[in-house]
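Chemist: If you scroll down you'll find the structure; I have some questions about it.
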Amino acid sequence: MMRNFITTRDWSRSELQDILDYALTLKAQPFQPLLKNKSIAMLFFNPSLRTKTSFEIGISELSGTAVILQPGKDAWSIEFKDKQVMDGEPEEHVKEVAEVLSSYCDCIAIRAFPKFIDWELDRTDHVIKSFAKYSSVPVVNMETIEHPCQELAHLLTLQEHFGTLEGKEYLLTWTYHPKPLNTAVANSSLLIASKFGMNVTLLCPSESYHLDKRYLDAANENCSNESASFNISYDIAEAYAGKQIVYAKSWGSLENYGDASKQSKQNNQYKNFIVDEQKMGLTNSAVFSHCLPLRRNVKATDGVMDSDYCLAVAEAANRKHVQKSILSKIL
Amino acid sequence: MMRNFITTRDWSRSELQDILDYALTLKAQPFQPLLKNKSIAMLFFNPSLRTKTSFEIGISELSGTAVILQPGKDAWSIEFKDKQVMDGEPEEHVKEVAEVLSSYCDCIAIRAFPKFIDWELDRTDHVIKSFAKYSSVPVVNMETIEHPCQELAHLLTLQEHFGTLEGKEYLLTWTYHPKPLNTAVANSSLLIASKFGMNVTLLCPSESYHLDKRYLDAANENCSNESASFNISYDIAEAYAGKQIVYAKSWGSLENYGDASKQSKQNNQYKNFIVDEQKMGLTNSAVFSHCLPLRRNVKATDGVMDSDYCLAVAEAANRKHVQKSILSKIL
Amino acid sequence: MMRNFITTRDWSRSELQDILDYALTLKAQPFQPLLKNKSIAMLFFNPSLRTKTSFEIGISELSGTAVILQPGKDAWSIEFKDKQVMDGEPEEHVKEVAEVLSSYCDCIAIRAFPKFIDWELDRTDHVIKSFAKYSSVPVVNMETIEHPCQELAHLLTLQEHFGTLEGKEYLLTWTYHPKPLNTAVANSSLLIASKFGMNVTLLCPSESYHLDKRYLDAANENCSNESASFNISYDIAEAYAGKQIVYAKSWGSLENYGDASKQSKQNNQYKNFIVDEQKMGLTNSAVFSHCLPLRRNVKATDGVMDSDYCLAVAEAANRKHVQKSILSKIL
Chain A
160 MMRNFITTRD WSRSELQDIL DYALTLKAQP FQPLLKNKSI AMLFFNPSLR TKTSFEIGIS
220 ELSGTAVILQ PGKDAWSIEF KDKQVMDGEP EEHVKEVAEV LSSYCDCIAI RAFPKFIDWE
280 LDRTDHVIKS FAKYSSVPVV NMETIEHPCQ ELAHLLTLQE HFGTLEGKEY LLTWTYHPKP
340 LNTAVANSSL LIASKFGMNV TLLCPSESYH LDKRYLDAAN ENCSNESASF NISYDIAEAY
400 AGKQIVYAKS WGSLENYGDA SKQSKQNNQY KNFIVDEQKM GLTNSAVFSH CLPLRRNVKA
460 TDGVMDSDYC LAVAEAANRK HVQKSILSKI L
Chain B
160 MMRNFITTRD WSRSELQDIL DYALTLKAQP FQPLLKNKSI AMLFFNPSLR TKTSFEIGIS
220 ELSGTAVILQ PGKDAWSIEF KDKQVMDGEP EEHVKEVAEV LSSYCDCIAI RAFPKFIDWE
280 LDRTDHVIKS FAKYSSVPVV NMETIEHPCQ ELAHLLTLQE HFGTLEGKEY LLTWTYHPKP
340 LNTAVANSSL LIASKFGMNV TLLCPSESYH LDKRYLDAAN ENCSNESASF NISYDIAEAY
400 AGKQIVYAKS WGSLENYGDA SKQSKQNNQY KNFIVDEQKM GLTNSAVFSH CLPLRRNVKA
460 TDGVMDSDYC LAVAEAANRK HVQKSILSKI L
Chain C
160 MMRNFITTRD WSRSELQDIL DYALTLKAQP FQPLLKNKSI AMLFFNPSLR TKTSFEIGIS
220 ELSGTAVILQ PGKDAWSIEF KDKQVMDGEP EEHVKEVAEV LSSYCDCIAI RAFPKFIDWE
280 LDRTDHVIKS FAKYSSVPVV NMETIEHPCQ ELAHLLTLQE HFGTLEGKEY LLTWTYHPKP
340 LNTAVANSSL LIASKFGMNV TLLCPSESYH LDKRYLDAAN ENCSNESASF NISYDIAEAY
400 AGKQIVYAKS WGSLENYGDA SKQSKQNNQY KNFIVDEQKM GLTNSAVFSH CLPLRRNVKA
460 TDGVMDSDYC LAVAEAANRK HVQKSILSKI L
């Protein structure tokens, strides 16, 4: 049965652990002809450094072929709504794009950030869902409103460091950034940390920064299933205390979604959420990580980024291995 | 002897049939080392989804290497006129570009739409002709003022559906689009349908939308050679009646070429040329196709695009196979 | 020991000759699996035709994998200064970029022209030096303030033509261009011509066009070591007289660096520096070359470019062979 890799919510904990275990095998033995005679179309609606490079090189290491497309730049712009009179900007409908690409290649990978206009629309993840609807080959999420490849890289890095993660004290902290960013990695952090049995705390400046109810509910439910706890804090000192893992991400308030200027002003009040050595000192010798890119001395200080406990680069490096494992499983 | 693939006018019907036959072989057995140790430079002066993806993956399936270049974006802009004092925008002359690329690779493929300023210049197809003049490796047309790869994909799809095409009733209909588009696929439609012995009708709103005399004359001559008929109609009902194949394309009037605003206003009068189920009902159970990208409910309705008789995606899929066959023949 | 290829100043004449000799071997036998299971990230901060194509195809001919990245376009923009509060444009620091890319691939190649604002900063070559500082894989220069790959292609072409180059009469002439260009190829010309024992003359309109003292000093020192001469001339007839090699390049005056309008006006006074047949007639039957791209009838006339003594395309062709040799040596 064909399977997409769009959200880890569609995959059981043990299935995900299989992917992680095989990623370690591939990390030890990187060159395998597992994707021989397979090709993957990678559609980037947004910029990328790590995702593009790790997928391209990873696919090559497995003897596969990657094709890079940038709709709206080097390829035609695409309509995602059905039944439209297409007299605006888009030159073609996702149905044709997905069907044609399905005829050329064996997998379609999509990076499509939200549009930051209407969260009610963006939360439907309609771009990648539309591709999945019309594609006859597996669809892989390279970051939309979730970032499941990052989730697995994050988890693999923590497992390499800690071994089992059950009962570990995990903090996801909002951190400052001058612009309102995507919630994807934050959503993903909650999903995966809760799924693997950690006690999860979400730290953010106020209720206005709560993530979508879908992800809060999932974190609650996952933690409950794993006999772990999930809670939300607005108190920096309390939230960092005793933590073993600090994961940081900035995002724009969903309350003010669509008003970038208002979101930026709101963010500007909370520059103190920067991850620094003083805050890390409150933890139980926690490791720190971040998905990158990271603005130094804005999201985290040089001291934190250059510390021995910073796993951000190791996590990025693991992107290649987990993605190779994912593609091997679904292709 | 080195051969370019710039226009099907340079190739006999039987040579083209050989390419089509071999395309079917490659469709059945896609992975062949026919381009091993061969590389193709693909120059895109314009956006592309199908062409880029089908060439890149097709070349890879034949063990070759594709390099993508976008002059004016990631590469320097190019001068095409000889004897110029080059103190304007272009940083280098096509002679050096063609000679240098010829030294690096085994084939140069070009997508260069007309400039939509002066049809007398654009109709000379000077961009690809300049590359051909200075290149010492074969040059392939990825759409200029003709689109010969699309022609062969179109024909292969029709042959798969009908078997022999001689005497089939073929309609090329102009269709509405808000912008004045390239005539390339329309020119190509006339060339290939007439060459393979179909009775060809060109339907357009008025004489103002006639294609270039070169293509009307070629269609007339081909049809005459094949004892078939070619005629032009401005009457929708009459033109659709009894047809077995409906191919649609929008283009800007050559009469008003260079005046995009005037062309758009002119197009706006003929929104009724949209291909819809009512019109298709007038045919002799015709199949429908289009080169894509297609604006739904502007050029053709959802009903037509989602019908069983729509071959547009099958035609796009066949791009890969015919292009692999072409490259195998000329390299 | 890991070695970068950032400047030929770090490589001895005999080491460079080894690279050139092996380039000839690879020119005769292009397909070797020397980069099997190796991947190279190529970062383009600026446009490229020859560099991109020759590296991509060359790497493929050696069974390696190339990944193209365009920071600021398809990848995030990068901060190069340390200890910055990164609240401006760049989304990440070169330290993370270099470390992450080092984890994915076996080599980082960089094209980063100067910013043309402050030569005191640009002359530090801080972009590629920052990558080298933080990378754990070799870094290769695809043109910054020097262009060492071009140097070797230039030299290989001259050696193919002349055999030994010792004592040859070599002219680097400034030539007109409407914009102030990078000094990289001019700097490189002085470095490599002097290193291989030629008598080198730099011709430019005035002292204002002198290249950076670092390169004048290096040329002086190299020539002195090789018992050859280095001198600077402002007299066209005197400089061309008796020369065996004429290499042309335009650049903006360092004196007026940062003021593009002033530099352009300054350049405009010296259109007579164009390389033409009359000037070439003053030489000792010299060959002519240029790194390309070249504006015809601005930098050199059609007559010179189309002559038998023009080696510009041969030099460009040799880019592929020397780069394959360089990568083979350092990876």
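Protein chains in written order, with our numbering: chain A, 160 to 490; chain B, 160 to 490; chain C, 160 to 490.
Beta carbons are placed, not taken as given, at the ideal position from N, Cα and C, and that holds for glycine.
Since the structure is predicted, the reported quantities are computational estimates derived from the model, not experimental observations.
Our contact map puts A:Asp281 next to A:Ile267 with C-beta atoms below 8 Å; I'd like the distance itself, whole angstroms only.
Modeler: Here residue 281 of chain A refers to the residue found at position 122 when the first sequence is read from its first residue. Here residue 267 of chain A refers to the residue found at position 108 when the first sequence is read from its first residue. Between A:Ile267 and A:Asp281 the Cβ distance is about 20 Å, and since that is not below 8 Å, they are no contact.
Chemist: Using CA coordinates, which residue listed in C:Gly217, C:Asn196 and C:Pro364 is at the minimum distance from C:Tyr393?
Modeler: Locating residue 393 of chain C in the third sequence gives position 234, where the first residue counts as 1. The option with the nearest alpha carbon to C:Tyr393 is C:Pro364.
Chemist: What does B:Ala200 touch in chain C if you count any residue whose Cβ is under 7 Å from its own?
Modeler: Position 41 of the second sequence, counting from 1, holds the residue named residue 200 of chain B. The contacting residues are Thr212.
Chemist: Under 7 Å between the Cβ atoms of B:Lys354 and B:Arg172?
Modeler: What you label residue 354 of chain B is simply residue 195 of the second sequence in a count that begins at 1. What you label residue 172 of chain B is simply residue 13 of the second sequence in a count that begins at 1. Yes, the Cβ-Cβ distance between B:Lys354 and B:Arg172 is below 7 Å.
Chemist: Tell me where the alpha helix (DSSP H) around C:Lys186 begins and ends.
Modeler: Within the third sequence, numbered from 1, the residue matching residue 186 of chain C stands at position 27. Per DSSP, C:Lys186 belongs to the alpha helix (DSSP H) from Arg172 to Ala187.
Chemist: Mind reading off the beta-carbon distance from C:Ile269 to C:Ile287? Whole number of angstroms is fine, and I expect it under 8 Å.
Modeler: On the third sequence, residue 269 of chain C is found 110 positions in, with the first residue counted as 1. On the third sequence, residue 287 of chain C is found 128 positions in, with the first residue counted as 1. Contact flag correct, Cβ pair sits at about 5 Å.
Chemist: Name the one or two DSSP bridge partners that C:Gln230 has.
Modeler: Position 71 of the third sequence, counted from the first residue, corresponds to residue 230 of chain C. Position check: residue 230 of chain C holds Pro in this sequence, whereas Gln was assumed. For C:Pro230, which the question treats as bridged, DSSP gives the partners C:Ala234.
Chemist: C:Ser392 lies in the beta strand (DSSP E); which residues open and close that run?
Modeler: Within the third sequence, numbered from 1, the residue matching residue 392 of chain C stands at position 233. It spans Phe389 to Ser392 - the beta strand (DSSP E) in which C:Ser392 sits, taken as one unbroken run.
Chemist: Taking C-alpha atoms, which residue in A:Ile433, A:Ser347, A:Ala407 and A:Val226 lies nearest to A:Arg168?
Modeler: Taking the first residue of the first sequence as position 1, residue 168 of chain A is located at position 9. When each option's Cα is compared against that of A:Arg168, the closest is A:Ser347.
Chemist: If you draw a straight line from the C-alpha of B:Ser213 to the C-alpha of C:Ser386, how long is it?
Modeler: Position 54 of the second sequence, counted from the first residue, corresponds to residue 213 of chain B. Position 227 of the third sequence, counted from the first residue, corresponds to residue 386 of chain C. Each residue's alpha carbon lies about 58 Å from the other.
Chemist: Measure the Cβ-Cβ separation of B:Ser236 and B:Glu248 and say whether it is below 7 Å.
Modeler: Position 77 of the second sequence, counted from the start, is the residue given in the question as residue 236 of chain B. Position 89 of the second sequence, counted from the start, is the residue given in the question as residue 248 of chain B. Yes. Within cutoff.
Chemist: Within 7 Å of any Cβ in chain B, is that where the Cβ of C:Asn456 sits?
Modeler: Within the third sequence, numbered from 1, the residue matching residue 456 of chain C stands at position 297. Closer than 7 Å to some Cβ of chain B, the Cβ of C:Asn456 qualifies, so yes.
Chemist: Among A:Leu330, A:Pro337 and A:Tyr429, which has the Cα closest to the Cα of A:Asn358?
Modeler: Taking the first residue of the first sequence as position 1, residue 358 of chain A is located at position 199. Ranking A:Leu330, A:Pro337 and A:Tyr429 by Cα distance to A:Asn358 puts A:Leu330 first.
Chemist: Going by DSSP in three states, C:Cys154 sits in which element: helix, strand or coil?
Modeler: Here chain C comprises residues numbered 160 to 490, so residue 154 of chain C is not present and cannot be evaluated.
Chemist: Just verifying my parser: in three-state terms, what is the DSSP assignment at A:Asn477?
Modeler: For the purposes of this step, residue 477 of chain A is taken as residue 318 along the first sequence, with counting starting at 1. In this structure, A:Asn477 counts as helix in the three-state DSSP scheme.
Chemist: Taking Cβ positions only, does B:Ser236 come closer than 7 Å to chain A?
Modeler: Along the second sequence, one-based indexing puts residue 236 of chain B at 77. Closer than 7 Å: no.
Chemist: Less than 7 Å between the beta carbons of C:His320 and C:Val344, yes or no?
Modeler: For this step, residue 320 of chain C is matched to residue 161 along the third sequence. For this step, residue 344 of chain C is matched to residue 185 along the third sequence. Not in contact: C:His320 and C:Val344 (Cβ atoms no closer than 7 Å).
Chemist: Hey, is A:Cys264's beta-carbon within less than 7 Å of any beta-carbon in chain B?
Modeler: On the first sequence, residue 264 of chain A is found 105 positions in, with the first residue counted as 1. Closer than 7 Å to some Cβ of chain B, the Cβ of A:Cys264 qualifies, so yes.
Chemist: Around the Cβ of C:Gly217, are there at least 16 other Cβ atoms within 10 angstroms (buried) or fewer (exposed)?
Modeler: Locating residue 217 of chain C in the third sequence gives position 58, counting from the first residue. The residue is buried, with at least 16 neighbouring Cβ atoms inside 10 Å.
Chemist: Give a yes or no on whether the C-beta atoms belonging to A:Phe164 and A:Ile489 are separated by under 7 Å.
Modeler: For the purposes of this step, residue 164 of chain A is taken as residue 5 along the first sequence, with counting starting at 1. For the purposes of this step, residue 489 of chain A is taken as residue 330 along the first sequence, with counting starting at 1. A contact, by the Cβ cut-off of 7 Å.
Chemist: Thinking C-beta only, is C:Met301 closer than 7 Å to A:Val457?
Modeler: Within the first sequence, numbered from 1, the residue matching residue 457 of chain A stands at position 298. Within the third sequence, numbered from 1, the residue matching residue 301 of chain C stands at position 142. No, Cβ-Cβ distance for A:Val457 and C:Met301 is not below 7 Å.
Chemist: Give the single residue among B:Ile227, B:Leu315 and B:Ala352 whose Cα lies nearest to the Cα of B:Gly326.
Modeler: Indexing the second sequence from 1 puts residue 326 of chain B at position 167. Of the listed residues, the one whose Cα sits closest to B:Gly326 is B:Ala352.
Chemist: Just grab the DSSP bridge partners of B:Met201 for me.
Modeler: Stepping through the second sequence from its first residue, residue 201 of chain B is reached at position 42. In the DSSP output, where bridge partners are listed per residue, B:Met201 has B:Ile227 and B:Ala268.
Chemist: Quick one: what's got a C-beta closer than 7 Å to B:Phe239's C-beta in the same chain, skipping five residues either side?
Modeler: Here residue 239 of chain B refers to the residue found at position 80 when the second sequence is read from its first residue. Counting only Cβ-Cβ distances below 7 Å, and skipping sequence neighbours, we find Val253, His285, Val286 and Ser289.
Chemist: So is C:Glu248 in contact with chain A if we call contact Cβ pairs under 7 Å?
Modeler: As a working note, residue 248 of chain C is residue 89 in the third sequence. No, C:Glu248 lies away from the interface with chain A (no Cβ there is under 7 Å from its Cβ).
Chemist: When you compare each of C:Glu474, C:Thr224 and C:Ser222 to C:Cys450 by their alpha carbons, which one comes out closest?
Modeler: Here residue 450 of chain C refers to the residue found at position 291 when the third sequence is read from its first residue. For C:Cys450, the nearest C-alpha among the options comes from C:Glu474.
Chemist: Exposed or buried, B:Met439, counting other C-beta atoms within 10 Å across all chains shown (16 or more means buried)?
Modeler: Your numbering for residue 439 of chain B matches position 280 in the second sequence. With 16 or more Cβ atoms within 10 Å of its Cβ, B:Met439 is classed as buried.
Chemist: So within the segment 326–386 of chain A, which uninterrupted beta strand (DSSP E) runs reach at least 3 residues, ignoring any that extend past its ends?
Modeler: Whole beta strand (DSSP E) segments, 3+ residues: 328–333 and 358–362.
Chemist: Exposed or buried, A:Ala471, counting other C-beta atoms within 10 Å across all chains shown (16 or more means buried)?
Modeler: As a working mapping, residue 471 of chain A is identified with position 312 in the first sequence. That one is buried.
Chemist: Would B:Val405 pass as a contact of B:Phe432 if the rule is Cβ separation under 7 Å?
Modeler: By one-based count along the second sequence, residue 405 of chain B stands at place 246. By one-based count along the second sequence, residue 432 of chain B stands at place 273. No, the pair does not count as a contact, with Cβ atoms beyond the cut-off.
Chemist: Determine whether the Cβ of B:Glu215 lies closer than 7 Å to any Cβ atom of chain C.
Modeler: In the second sequence, residue 215 of chain B corresponds to position 56, counting from 1. Not closer than 7 Å to any Cβ of chain C, the Cβ of B:Glu215 fails to qualify, so no.
Chemist: According to DSSP, simplified to helix, strand and coil, what is A:Arg162?
Modeler: In the first sequence, residue 162 of chain A corresponds to position 3, counting from 1. In the structure shown, A:Arg162 sits in coil (DSSP, three-state: anything other than H, G, I, E or B).
Chemist: Please state whether the Cβ-Cβ distance between B:Glu215 and B:Ala225 is less than 7 Å.
Modeler: Translated into the one-based positions of the second sequence, residue 215 of chain B becomes position 56. Translated into the one-based positions of the second sequence, residue 225 of chain B becomes position 66. Taking 7 Å as the Cβ cut-off, B:Glu215 and B:Ala225 qualify as a contacting pair.
Chemist: Between which two residues does the alpha helix (DSSP H) containing B:Phe321 stretch?
Modeler: Here residue 321 of chain B corresponds to residue number 162 of the second sequence, with the count starting at 1. Looking at the DSSP string, the run of the alpha helix (DSSP H) that includes B:Phe321 is Pro307 to Phe321.
Chemist: Since B:Ile178 and B:Val481 are thought to touch, with beta carbons under 8 Å apart, how far apart are those beta carbons, to the nearest angstrom?
Modeler: Within the second sequence, the letter at position 19 stands for residue 178 of chain B. Within the second sequence, the letter at position 322 stands for residue 481 of chain B. At roughly 7 Å, the Cβ-Cβ gap stays under 8 Å, so B:Ile178 and B:Val481 are in contact.
Chemist: Just verifying my parser: in three-state terms, what is the DSSP assignment at A:Ala445?
Modeler: As a first step, residue 445 of chain A is located in the first sequence; it is residue number 286 there, counting from the start. A:Ala445: coil per DSSP, three-state reduction.
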